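Numbering (the working numbering), first residue to last: 97 to 815.
Heads up, the beta-carbon is just placed ideally off N, CA and C, and yes, glycines get one too.
Every value quoted in this text rests on a predicted model; they were computed, and no experiment measured them.
Structure record follows, encoded as structure tokens.
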């Protein structure tokens with residue numbers, strides 16, 4: 097519940113404000129005063145008569161009506177203060193700095209709940225507890241430093257961690273990144289990151305509001321809300337980048353102990369960000385670099401010119417841009433020769449354009465002008481300009497300043513001399529510019545931005561999925577699980593085929609049986625060669641349960657006899673998931689369940705998988721199939737349901753995409769068919785939340801078709 101009393105209060109009271117600026121109660125008063133808050137500022141302190149020039153009130157019960165209260169007192173006192181202030185003093189917004197709540201103990205959680213109940217009763221906004229506060233252009237209600245430069249076009253920054261927010265601000269200030277607001281939500285008892293985004297989305301004014309949003313997230317409490325409002329803001333012209341902490345097991349433990357966060361599955365987070373169009377970052381430096389890029393004109397192409405007076409950084413930037421899928425095209429011809437004639441002998445214009453260490457500010461301007469006006473094959477300009485400490489750079493940086501203001505193509509300033517040219521860099525930043533002091537970090541951030549797709553369309557399209565038949569199958573199988581007294585289990589192979597057929601997914605001809613004669617007749621019908629696979633709770637490859645290229649009935653009979661002797665590799669279930677592949681009708685329990693015979697096909701092995709993540713829905717994975725899924729782990733993730741654009745983006749983001757595209761004379765796969773299967777499967781899953789896991793591995797693909805060969809589906813009787 098975000099309101100005007102929180103954002104633009106006409107009066108503020110600091111409960112626990114003091115003269116000691118080295119403690120939160122004193123530093124928050126200092127920041128409010130130094131920030132030029134022009135409303136009425138009140139201080140409650142029972143021991144001091146005056147705090148930082150402001151006459152104090154000793155007892156909060158003596159306060160006149162006030163709009164916003166900032167609490168910097170022990171946690172045990174906060175619920176009573178909130179109740180009294182909301183009831184008697186018409187306070188309708190609270191920022192609780194204090195720690196010691198739900199992030200620490202059950203008793204603290206109870207205190208936190210009391211505060212929330214009171215705020216909900218009186219319609220009051222609540223930031224925190226356990227946060228550094230709220231900073232905007234109206235009031236600096238934070239107790240920390242640095243206070244960044246504030247500007248309406250600066251970034252809105254929302255953080256689930258106060259300490260991390262401070263470190264991110266440190267990184268941003270060094271780059272010259274400006275801010276419009278900084279939100280530290282702490283435990284987020286009432287207002288979480290998703291709620292702030294919702295407010296920004298629902299009240300967005302494209303003429304006055306910031307179009308850059310940066311997020312540091314420890315817990316995604318409501319993925320649907322985050323997806324909806326982030327996507328909506330991006331479609332309105334905003335750009336969003338985020339760090340999601342807690343993606344590894346050890347990282348999850350760390351996040352859980354901090355502000356009561358619970359880490360989500362990393363694949364689900366990756367899929368959510370991709371669907372929303374959020375640029376994912378992995379460090380403070382990367383987040384603030386992406387944020388700084390967002391403040392520049394949008395990059396409308398991938399071709400860079402690099403203007404430098406130091407060869408090494410130019411080469412490193414070239415390598416990093418090329419590695420990230422961006423281009424540094426060679427410059428040659430009459431215009432390049434003309435530019436070279438205007439530079440000192442020994443200069444290079446091939447790209448990077450090296451004007452030499454002795455190059456002047458005027459020559460820097462000339463090189464930029466040629467890139468802007470005469471090299472049509474250039475979309476953007478990176479300028480690397482530092483100093484060995486022998487000269488001052490005010491003139492050169494003034495040239496750069498003017499060019500940034502007047503050039504149509506975006507210019508990325510890389511000014512590495514933060515120590516030897518500190519005053520010059522500071523003056524450049526003071527003019528409203530940003531600085532990327534490290535060229536490789538810039539290239540990495542640019543690549544990540546270019547790889548991030550636009551938000552997916554919100555509409556769900558059925559793509560010919562047979563929903564009634566799917567529901568009939570799921571209903572039947574859920575009842576079977578309940579009859580067997582288990583909560584989850586794998587579907588029989590014939591049932592798997594039924595489910596996939598509902599999505600129109602092409603399937604290889606196959607039969608499962610315990611009869612040698614039946615399988616031989618089937619093999620003759622579909623035509624040799626065929627593949628034989630053991631069916632049961634074993635890893636087929638590990639136990640010799642797969643035989644390829646069976647060309648005769650006699651060979652098939654030998655393999656059938658051998659596979660029927662393969663023992664069960666797992667003990668009987670004790671509840672939960674039953675045998676991995678329940679038998680077909682007429683099959684046998686225990687040991688193995690029969691043999692599967694399939695028509696043998698050739699092609700590139702692909703993989704599609706899905707897993708249901710609580711709160712997120714189904715995460716769909718795609719990649720190279722067979723053993724490569726386990727060995728290379730080269731998979732891309734998306735959140736169901738998926739559009740064709742999302743499916744293509746997933747395919748193209750694979751490291752092994754060149755294999756799928758076709759290399760060294762090999763035919764590529766039919767990408768359209770692969771994308772279609774991904775989309776159809778994701779749509780099917782949208783209507784079958786009982787499916788908890790699914791693997792289709794492999795699918796065999798060639799230039800004309802993609803066919804599912806092997807699949808497993810884990811079903812749960814509990815939604």
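Considered as a whole, the segment 734-765 harbours 740-748, 753-757 as its complete alpha helix (DSSP H) runs of no fewer than 4 residues, in chain order. If one requires a minimum length of 3 residues, the beta strand (DSSP E) runs lying completely within the segment 377-433 are 400-404, in chain order.
Annotation: the continuous alpha helix (DSSP H) that includes residue 726 extends over 724-728.
Counting along the chain, no alpha helix (DSSP H) covers residue 139; the unbroken beta strand (DSSP E) around it starts and ends at 136-140.
Secondary structure within the segment 240-311: the alpha helix (DSSP H) runs of 4 or more consecutive residues, fully enclosed, are 258-271, 289-298 (chain order). Taking C-alpha positions only, residue 217 is separated from residue 136 by approximately 26 Å. Within the model, the alpha-carbon separation for residue 298 versus residue 101 is close to 18 Å.
Among the bridge pairs identified by DSSP, residue 509 is matched with 479. Residue pairing by DSSP places residue 642 opposite 629 in a beta bridge. Counting along the chain, the unbroken beta strand (DSSP E) around residue 107 starts and ends at 107-111. A check of alpha carbon separations from residue 287 across 597, 273, 806, 211 identifies 211 as the nearest. Taking residue 739 as reference, the option from 751, 774, 440, 722 with the minimal CA-CA separation is 774. Straight across, the Cα-Cα distance linking residue 769 with residue 804 is about 12 Å. Between the alpha carbons of residue 325 and residue 293 lies a distance of about 6 Å. Taking 4 residues as the shortest admissible run, the segment 150-218 contains the following complete alpha helix (DSSP H) segments, listed from N- to C-terminal end: 174-184, 202-218. In terms of Cβ geometry, residue 152 and residue 166 do not form a close pair [threshold 8 Å]. Exclusion of the five residues before and after residue 589 leaves 608 as the residues of its chain whose Cβ lies within less than 6 Å of its Cβ. Along the segment 583-631, the alpha helix (DSSP H) occurs as fully enclosed runs of 4 or more residues at 589-598, 612-622, listed in sequence order. At the C-beta level, residue 387 and residue 327 stay beyond 8 Å of one another. Each residue's CA atom was taken as its position, placing residue 228 and residue 726 some 43 Å apart. A distance of 8 Å or more separates the beta carbons of residue 389 and residue 424. For residue 114, there is no enclosing alpha helix (DSSP H), as DSSP marks it with neither H nor E. In the structure shown, residue 438 adopts coil according to DSSP, grouped into three states. Note on residue 257: 16 or more other CB atoms within 10 angstroms of its CB, so buried under the neighbour-count rule. Setting aside the 5 residues that flank it on each side, residue 393 is surrounded in the same chain by 506, each with a C-beta closer than 6 Å to its C-beta; the list follows chain order. In summary, residue 556 is exposed, with fewer than 16 beta-carbon neighbours lying within 10 Å of its beta-carbon over all protein chains present. Residue 405 is not a Cβ neighbour of residue 457, given a cutoff of 8 Å. Across the set 171, 307, 629, 215, the C-alpha of 629 shows the shortest separation from the C-alpha of residue 659. Rounded to the nearest angstrom, the gap between the Cα atoms of residue 518 and residue 330 is 36 Å.
Exclusion of the five residues before and after residue 148 leaves 115, 125, 126, 129 as the residues of its chain whose Cβ lies within less than 7 Å of its Cβ. Rounded to the nearest angstrom, the Cβ distance from residue 728 to residue 752 is 7 Å, consistent with a contact under 8 Å. Distance between residue 766 and residue 473, taken at the CA atoms: about 32 Å. When 341, 279, 558, 577 are compared, the shortest CA-CA separation from residue 313 is found for 341.
In this structure, the alpha-carbon of residue 579 lies about 45 Å from that of residue 799. A direct Cα-Cα distance of roughly 11 Å separates residue 693 from residue 623.
A contact is defined here as three or more CB-CB pairs under 8 Å, and the segment 788-799 fails this definition with respect to the segment 542-554.
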